[in-house]
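In my numbering, the protein residues as written are 323 to 572.
The structure appears below as structure tokens.
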Amino acid sequence: MILKTESLTKRFGGIIAVNRVTLSFEKGSITAIIGPNGAGKTTFFNLISGLIRPDSGRIIYRGKNITVLPPHVRARMGIARSFQNVSLFPHLTVIENVRLAVQGVNGGRRNWSIFSRALDMEEVNMEALRLLKLVNLENKALELAGSLPQADQRKLDIVMAIASRPSLLLLDEPTSGLAVEEIPDIVSLIKSLRSSNKDLTIIMIEHKLDVVEDLAERVVVLHEGRVIADGSPGDVARDPLVVEAYLGGS
Ligand code: ATP
Numbered sequence: 323m324i325l326k327t328e329s330l331t332k333r334f335g336g337i338i339a340v341n342r343v344t345l346s347f348e349k350g351s352i353t354a355i356i357g358p359n360g361a362g363k364t365t366f367f368n369l370i371s372g373l374i375r376p377d378s379g380r381i382i383y384r385g386k387n388i389t390v391l392p393p394h395v396r397a398r399m400g401i402a403r404s405f406q407n408v409s410l411f412p413h414l415t416v417i418e419n420v421r422l423a424v425q426g427v428n429g430g431r432r433n434w435s436i437f438s439r440a441l442d443m444e445e446v447n448m449e450a451l452r453l454l455k456l457v458n459l460e461n462k463a464l465e466l467a468g469s470l471p472q473a474d475q476r477k478l479d480i481v482m483a484i485a486s487r488p489s490l491l492l493l494d495e496p497t498s499g500l501a502v503e504e505i506p507d508i509v510s511l512i513k514s515l516r517s518s519n520k521d522l523t524i525i526m527i528e529h530k531l532d533v534v535e536d537l538a539e540r541v542v543v544l545h546e547g548r549v550i551a552d553g554s555p556g557d558v559a560r561d562p563l564v565v566e567a568y569l570g571g572s
């Protein structure tokens with residue numbers, strides 16, 4: 323098991339956005355988190371990545387209690403995330419964006435002495451190119467990130483998240499904002515990330531059920547901050563509580 327949340331709870335005023343959520347995630351698994359709007363999905367991600375702290379409960383990652391650790395420490399421990407709204411530097415080129423992600427992760431660890439700097443920059447460039455090749459964007463390396471089609475921006479966003487070679491990748495709606503014909507490309511990217519690193523654990527928030535079925539072996543359903551179902555995509559789709567949560571009133 324790579325990640326465990328124990329009775330994780332987060333309140334915003336009178337709203338309990340995440341309500342005593344206890345979940346375990348196996349190393350190398352792909353889990354989709356679904357749920358109606360306001361279910362607490364993004365808040366759950368924010369708690370795991372450290373953007374916000376819970377009111378109560380614990381987060382155990384690789385056996386360590388990370389509940390109150392700041393986000394950059396969690397990132398160094400191998401937790402990475404992409405955001406629902408792509409977070410690139412639109413006026414920088416594609417390769418400059420990736421270089422920033424590579425340096426962001428490695429800068430703190432390296433010895434930036436005057437003698438090592440040239441070699442480090444070379445290494446950074448090599449690593450950035452390696453990452454761009456993974457997503458077939460090497461031919462667009464010198465284009466401005468903001469000028470890329472949505473699907474390419476999404477790929478760039480994901481590849482920047484994996485620049486840190488994470489053990490746990492949190493993907494917040496990786497297909498949101500994409501045209502139907504752009505989605506298969508992102509689905510196959512996620513599959514290839516997983517097949518090239520069997521130890522990579524992926525948790526993704528995703529609304530599109532066909533994408534969920536295609537990618538995830540497990541689906542967790544949140545509703546009003548609580549886990550209301552947890553199982554295979556097929557079982558969860560047939561669960562009466564889930565049908566009620568999606569169709570009834572909310
Ligand atoms: P969506 O699918 O719409 O993104 P979600 O499942 O990600 O929804 P959250 O964004 O986690 O849901 O929100 C859960 C609840 O917490 C909502 O009622 C939301 O309004 C509330 N909430 C989230 N963040 C804050 C905040 N910073 N301040 C106040 N309330 C918040």
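Where is the CB? At the ideal position from N, CA and C, for every residue including glycine.
Quantities reported herein were computed from a predicted structural model and do not represent experimental measurements.
1) Can you tell me whether DSSP reads Asn387 as helix, strand or coil?
2) Put Asn447 into one of helix, strand or coil per three-state DSSP.
3) What does DSSP give as the partner residue(s) for Gly553 in the beta ladder?
4) Check this for me: beta carbons of Arg480 and Leu493, under 8 angstroms apart or not?
5) Do you know how far the Cα of Gly360 is from the Cα of Gly547?
6) Report the three-state DSSP secondary structure of Ser435 (helix, strand or coil).
7) Buried or exposed: where does Ser489 fall if 16 or more other Cβ atoms within 10 Å of its Cβ makes it buried?
8) Helix, strand or coil for Leu500 per DSSP?
9) In the structure shown, what three-state DSSP assignment does Asp494 receive?
10) In terms of alpha-carbon separation, which member of Ile484, Pro471 and Val565 lies closest to Ile524?
11) Which residue's Cα is closest to the Cα of Ser404: Gly570, Ser517, Val549 and Gln475?
12) For Phe334, is the beta carbon positioned less than 7 angstroms from some heavy atom of the ligand ATP?
13) If you reduce the DSSP assignment to three classes, tell me which class Glu340 lands in.
14) Does the beta-carbon distance from Ser378 to Ser329 come in below 8 angstroms?
15) On the three-pair Cβ rule with 8 angstroms, is the stretch 535-542 touching the stretch 509-518?
16) Determine, using beta-carbon pairs with one atom in the stretch 333-342 and one in the stretch 352-366, whether at least three such pairs fall under 8 angstroms.
17) Can you look up Arg333 in the DSSP assignment and give me helix, strand or coil?
Result, derived from the coordinates:
1) strand
2) helix
3) Gly553 pairs with Val541.
4) With the sequence shown as reference, residue 480 is identified as Ile, and Arg is not the correct amino acid for it. It is a contact, given that the beta carbons lie within the stated cut-off.
5) 8 angstroms
6) Here the model assigns Ser435 a pLDDT of 47, short of 50, so the residue's position is not dependable, and the following value carries that caveat. DSSP places Ser435 in coil when its eight states are reduced to three.
7) buried
8) In the three-state reduction of the DSSP assignment, Leu500 falls in the coil class.
9) strand
10) Scanning Ile484, Pro471 and Val565 for the CA closest to the CA of Ile524 turns up Ile484.
11) Gln475
12) yes
13) Per the sequence shown, the amino acid found at residue 340 is Val instead of Glu. Three-state result, Val340: strand.
14) yes
15) Verdict: yes, contact present.
16) A contact exists between the stretch 333-342 and the stretch 352-366.
17) strand
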